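For reference, the structure is listed below as structure tokens.
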Amino acid sequence: MITMQQIFLLLVCWSAWCFSVASPFSIPPTTCQLLHCPTQESVKRRSGGDCGTHPVHCLFLASQPGENLVTGAKPLGSVIVGPELPPIQNTEKRLFLVRHGEVINPGGSRPVYYGAMDVDLSPLGEAEARAAAQYLQQFDVDLVVCSPLSRAVFGAEEVLALQAKLLENNGDLLQMDGLKELDRGSWCGKTKDEIGSEMMARFDACDESATPEGGESYPFLKKRVLKARDEVLKRLEFGQSAVIVSHLQVTRSILSDALGIPTEEMAGLNVATASVTCIDYDSAGTQTVRFQSFKPDVGLETSKDGAN
Numbered sequence: 140m141i142t143m144q145q146i147f148l149l150l151v152c153w154s155a156w157c158f159s160v161a162s163p164f165s166i167p168p169t170t171c172q173l174l175h176c177p178t179q180e181s182v183k184r185r186s187g188g189d190c191g192t193h194p195v196h197c198l199f200l201a202s203q204p205g206e207n208l209v210t211g212a213k214p215l216g217s218v219i220v221g222p223e224l225p226p227i228q229n230t231e232k233r234l235f236l237v238r239h240g241e242v243i244n245p246g247g248s249r250p251v252y253y254g255a256m257d258v259d260l261s262p263l264g265e266a267e268a269r270a271a272a273q274y275l276q277q278f279d280v281d282l283v284v285c286s287p288l289s290r291a292v293f294g295a296e297e298v299l300a301l302q303a304k305l306l307e308n309n310g311d312l313l314q315m316d317g318l319k320e321l322d323r324g325s326w327c328g329k330t331k332d333e334i335g336s337e338m339m340a341r342f343d344a345c346d347e348s349a350t351p352e353g354g355e356s357y358p359f360l361k362k363r364v365l366k367a368r369d370e371v372l373k374r375l376e377f378g379q380s381a382v383i384v385s386h387l388q389v390t391r392s393i394l395s396d397a398l399g400i401p402t403e404e405m406a407g408l409n410v411a412t413a414s415v416t417c418i419d420y421d422s423a424g425t426q427t428v429r430f431q432s433f434k435p436d437v438g439l440e441t442s443k444d445g446a447n
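Going by the numbering used here, the first residue of the sequence shown is number 140, and it counts up by one from there.
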């Protein structure tokens, strides 16, 4: 005779089986948030504040809130819709600029400037980087370049892992020292209050006398970053594109040059964590910003983006 306990266990097993093989179903993105690489065999889901690993078929969020979650081994059919982007012309070279995701601030609850220090991504920052990589998967890029700092290397590796053409051709990452974040020198480990708002204002305005000991000024940073950018463009043929995974101030340097914004004003440019900026460079030397700081919406919580 079957007991109630046995019936309950049968129902649980049947439900688990249906969950793993059923056709796509809808779960509000506020209920389930992707926190793990979609190419791996499990995902971490946060629901009602609890977080655990579920050994079921891979789940990843579709491009728009409220759409179906999809099951499968790899997210090949999931396209994150972004800003309108025309096809690259055979007289153009295209750069996708990706900022790294949220980091674990070395000051903990006391946010400090870290600049070129090699700080780790937070779990949310890793998820943000994967979302950016998933968005870029729809573009067959020809080169993936990054800063040598680990937070940028992680994002670049995620991008490369979803670029089928590059993988088929044994493509590898190109790390460039010129793409490192601004070196804050003696300001590393200090809060804005400890540095002083007046000193920070002078620094942002490119007052060279306000450069911290052992650190870099914005003009110095921009010069080395644009040199690295030009090296990347030289590696591309017309009609090709590259992804550069780097940092806030690096992206601001390249973006401000494309927009014609003076260096002393580039600190006001918005570049969100793990966002994507697209710039085209044509044979006549014209720079066209196709979009700026697009952050794929996959239902993740808002990142903390303070001192950097």
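A virtual CB, placed ideally from N, CA and C, is assigned to each residue, including glycine. If you're wondering where the values come from, they're calculated on a predicted model, not measured in any experiment.
ask   = Going by the beta-carbon positions, is the gap between residue 240 and residue 294 smaller than 8 Å?
value = yes
task = Entirely within the region 317-365 and at least 4 residues each: give me those alpha helix (DSSP H) ranges in chain order.
result = 331-334, 336-343
ask   = For residue 418, which residues from the same chain have a beta carbon less than 8 Å from its beta carbon, with the 5 sequence-adjacent residues on both sides left out?
value = 233, 234, 236, 393, 394, 397, 426, 427, 428, 429
ask   = What is the DSSP secondary structure of residue 313, counted as helix, strand or coil?
value = strand
query = By how many angstroms is the C-alpha of residue 334 removed from the C-alpha of residue 255?
reply = 17 Å
Boundaries (first-last residue) of the alpha helix (DSSP H) holding residue 390 = 387-398
ask   = From residue 231 to residue 370, what distance separates their C-alpha atoms?
value = 16 Å
key: Three or more C-beta pairs below 8 Å linking the region 359-367 and the region 310-329   = yes
inquiry  = For the alpha helix (DSSP H) containing residue 223, name the first residue and the last one.
reply    = From DSSP, residue 223 is part of no alpha helix (DSSP H); its letter is neither H nor E.
key: Minimum C-alpha distance to residue 300 - residue among 275, 424, 286   = 275
inquiry  = For residue 242 and residue 374, what's the separation of their Cα atoms in angstroms?
reply    = 30 Å
request  = Return the residue from the list 432, 414, 442 that minimises the CA-CA distance to residue 272.
outcome  = 414
task = Return the residue from the list 282, 253, 372 that minimises the CA-CA distance to residue 313.
result = 282
key: Given 8 Å, three or more beta-carbon pairs between the region 377-386 and the region 277-292   = yes
request  = Within its chain, find whatever has a CB closer than 7 Å to the CB of residue 422; leave out the 5 residues flanking it on each side and keep chain order.
outcome  = 230, 377
query = Between residue 182 and residue 265, what straight-line distance do the alpha-carbon atoms span, to the nearest angstrom?
reply = The predicted position of residue 182 is uncertain, since its pLDDT is 27 and thus under 50; a value taken from the coordinates is nonetheless stated next. Cα to Cα, the separation comes out at about 13 Å.
inquiry  = Tell me the rounded alpha-carbon separation between residue 202 and residue 270.
reply    = Model confidence at residue 202 stands at a pLDDT of 33, short of 50, so the residue's coordinates are unreliable; what they give is reported in the following sentence. Roughly 10 Å between the two C-alpha positions.
query = Quick one: is residue 218 near chain C, going by C-beta distance under 8 Å?
reply = Absent from the structure is chain C; it holds one protein chain and no more.
key: Closest Cα partner of residue 317 within the set 388, 409, 400   = 388
message = Closest to residue 363 by C-alpha separation, out of 315, 403, 409, would be which residue?
response = 315
request  = Provide the residue span of the alpha helix (DSSP H) that contains residue 304, from first to last.
outcome  = 303-307
ask   = In chain order, what residues of the same chain have a beta carbon less than 7 Å from the beta carbon of residue 249, not counting five sequence neighbours either side?
value = 330
ask   = What three-state label does DSSP hand residue 216 in the structure shown?
value = Confidence at residue 216 is low in this model, with a pLDDT of 47, below 50, so the placement of that residue should be treated as unreliable; the coordinate-derived value is given next. Reduced to three states, the DSSP call for residue 216 is coil.
Of the listed residues 311, 306, 259, nearest to residue 289 (C-alpha basis) = 259
message = Among 420, 305, 410, whose alpha-carbon lies nearest the alpha-carbon of residue 228?
response = 420
query = Just how far apart, CA to CA, sit residue 296 and residue 311?
reply = 9 Å
query = What is the DSSP secondary structure of residue 420, reduced to helix, strand or coil?
reply = strand
task = Going by DSSP, name the residue or residues bridged to residue 441.
result = Looking at the DSSP assignment, residue 441 forms no beta bridge with any residue, so it has no partner.
key: Rounded separation between residue 246 and residue 446 - CA only   = 10 Å
Terminal residues of the beta strand (DSSP E) in which residue 431 lies = 426-433
ask   = Cα separation between residue 403 and residue 262?
value = 34 Å
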